[in-house]
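The sequence shown runs 1 to 332 under UniProt numbering.
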Amino acid sequence: MKTNRTNASAASKIKIGFIGCGAVAELHYQGLMACPDAALAGIYDSDPGLMKRRSGEWNVAAFESLGALLNDEAIKAVFVLTPVDSHYTNAMAALNAGKHVLVEKPVAGALHEIKEMAALAEAKGLQCMPAHNYIYSPDMYRLRKNIKEGCFGRIPVSWFMYHIHHNEELCARYPGIVRQIGTHLLYTHRYLFGEPASMTAHTTRFLYPHLDRDDQMMLTLMMPDGSMSNLFASFAVTDQSTNPWSFVVKVLGTRGSTQLSWQDVVLNRALGTLSCSYGRYEETYEHEIRYFINECILGGTPPLSTLWDALKVLEMVIRAEEDARAKRRAFI
Ligand SMILES: NC(=O)c1ccc[n+]([C@@H]2O[C@H](COP(=O)([O-])OP(=O)(O)OC[C@H]3O[C@@H](n4cnc5c(N)ncnc54)[C@H](O)[C@@H]3O)[C@@H](O)[C@H]2O)c1
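Take a look at the structure:
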């Protein structure tokens, strides 16, 4: 009787396949394990050694090719967890195979790729959700609600700050700080405040002696009502001061202020890419996956941040990179 119940509930879970099982996959695995309505059914990674190791650690089937994973009819959805340059190919193959897709950020390297992914998902009646995990925390949902309800009055200024050191080796895996972290800050800002009217951008390569990639960025967004938002990210330094700004969103209004931070739960263990664990960050994966499974796949509703938001964000990232390169500023 017990066995039958377990089998029935296991059978009714949405079966997930991972494409890519590197660092971020560890966080998705932890998040997925906390979701009662879904189960990991298979993995594929182009590195056979890593795939074998994960298959043992996670007690899950390893597929010999992407095609083999996508041909498995039991798998209803895939998470694309590979580097950005293969997101488009992997997501398009999965959509063509009839799978719902959760695709890591940045969703793609080029604007036309995101448009094609959106068109194919719509034509197939499938979900293709950007893994914009920062906005799926309950704290972020409440903050958005409070802003929309006018709890803080008029909001002249907001701050989105990220200071977590990434060494050159880690950073070499990523396409630069504007795409890697600016993307997070931009979709989060968009979720909370909507469309900005204008932007200025600065980037620097402060720390890296060899890697030809910027390690700090500052974007200032001007909103249509004249309010300003400052988006700053650094891979050069970790904030070790009192009340560190590891990741902080600060909203300052005429009738009140608030701050949302990852700093309230910090654990001395490494999971995924970071050398210590921020509890609030790790939780975003569970909330994101629950939303994808329950609201998007089972409920048929769009994600909180869609491919069209990802497109707008990538447009801003490209503009920011161009403007920063052109050094459009007053030199003193
Ligand atoms: N949402 C977040 O907070 C967050 C954090 C870290 C990374 N990411 C994103 O996750 C993605 C992966 O980053 P990561 O740090 O896990 O990188 P990683 O290098 O640790 O892992 C990527 C894995 O993909 C595999 N791979 C590469 N190309 C492949 C292909 N074509 N098919 C199958 N497997 C392939 C590699 O062998 C590797 O194991 C990136 O897009 C990154 O921006 C997101």
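Even glycine gets a Cβ: it sits at the ideal position worked out from N, Cα and C. From a predicted model like this one, the values you see are computed outputs, not experimental measurements.
| Check | Outcome |
| --- | --- |
| Out of Ser-158, Thr-258, Gly-279, His-202, state which residue places its alpha-carbon closest to the alpha-carbon of Leu-267. | Gly-279 |
| Can you list, in chain order, the residues of its chain with a C-beta nearer than 6 angstroms to that of Val-178? Leave out the 5 residues immediately preceding and following it. | Met-217, Val-317, Ala-320, Glu-321 |
| Going along the chain, which unbroken runs of the beta strand (DSSP E) with 3 or more residues stay wholly within the stretch 127-209? | 128-130, 157-163, 198-204 |
| Whole angstroms is fine: what's the gap from Arg-205's alpha carbon to Thr-273's? | 21 angstroms |
| Return the first residue and the last residue of the alpha helix (DSSP H) that Ile-318 is part of. | 307-326 |
| Near Leu-111, what residues of its chain come up, given a Cβ to Cβ distance below 7 angstroms and the 5 sequence neighbours on each side ignored? | Leu-311, Leu-314, Glu-315 |
| Are the Cβ atoms of Phe-63 and Leu-40 separated by less than 8 angstroms? | no |
| State the start and end residues of the unbroken alpha helix (DSSP H) segment that holds Leu-66. | 66-71 |
| For ligand 1, is there any heavy atom lying closer than 7 angstroms to the beta carbon of Thr-273? | yes |
| Can you tell me which of Glu-286, Thr-301, Cys-296 puts its alpha carbon nearest to the alpha carbon of Leu-27? | Glu-286 |
| Do you know offhand how far residue 340's Cα is from Asn-133's? | Because the chain spans 1 through 332 in this model, residue 340 falls outside it and cannot be assessed. |
| I'd like to confirm the pairing. Which residues does DSSP put opposite Met-218 in its beta bridges? | His-202, Phe-232 |
| Could you give the distance in angstroms between the alpha-carbon of Gly-31 and the alpha-carbon of Leu-207? | 33 angstroms |
| For Thr-254 and Leu-143, what's the separation of their Cα atoms in angstroms? | 16 angstroms |
| Please give the ranges of any beta strand (DSSP E) in the stretch 65-123, keeping only runs that are unbroken, at least 3 residues long and fully inside the region. | 75-80, 100-103 |
| Using only CA atoms, which one of Phe-193, Asn-59, Ala-34, Leu-221 lies nearest to Glu-149? | Phe-193 |
| Which value, in whole angstroms, describes the spacing of the CA atoms of Ala-61 and Glu-116? | 30 angstroms |
| Would Ile-43 pass as a contact of Ile-293 if the rule is Cβ separation under 8 angstroms? | no |
| Throw me the rounded Cβ distance for the Gly-20 and Thr-82 pair, which I believe falls under 8 angstroms. | 4 angstroms |
| Indicate whether the contact test is met: 3 or more Cβ pairs, each with one atom in the stretch 218-229 and one in the stretch 127-141, closer than 8 angstroms. | no |
| For ligand 1, is there any heavy atom lying closer than 7 angstroms to the beta carbon of Val-313? | no |
| For Asn-7, which residues of its own chain have a beta-carbon under 7 angstroms away from its beta-carbon, when the five flanking residues on both sides are left out? | Low confidence applies to Asn-7: its pLDDT is 47, below 50, so where it sits in the model is not reliable, and the reading given next is rough at best. So the list is empty, once near-sequence residues are dropped. |
| Using CA coordinates, which residue listed in Asp-139, Glu-113, Gly-176, Asn-146 is at the minimum distance from Arg-213? | Gly-176 |
| Drop a sphere of 10 angstroms on the beta-carbon of Thr-3, count the other beta-carbons inside from all chains shown, and report buried for 16 or more, exposed for fewer. | Low confidence applies here, because Thr-3 scores a pLDDT of 34, under 50, leaving its location unreliable; read the following figure in that light. Thr-3 should be labelled exposed. |
| Please name the residue or residues paired with Gln-263 in a DSSP beta bridge. | Paired residues: none, contrary to the question. |
| Whose C-beta lies closer than 6 angstroms to the C-beta of Phe-247 among residues of the same chain, with five residues either side of it excluded? | Tyr-162, Trp-262 |
| Considering only the beta carbon of each residue, do Ala-197 and Leu-219 sit closer than 8 angstroms? | no |
| If the criterion is Cβ atoms closer than 8 angstroms, does the pair Glu-295 and Tyr-136 meet it? | no |
| Whole-angstrom Cβ separation of Thr-203 and Ala-324, contact assumed at under 8 angstroms? | 4 angstroms |
| Return the first residue and the last residue of the alpha helix (DSSP H) that Gly-31 is part of. | 23-33 |
| Leaving out five residues on either side along the sequence, give the residues of the same chain with a beta carbon under 6 angstroms from the beta carbon of residue 356. | Residue 356 is absent from the structure shown; the chain starts at 1 and stops at 332. |
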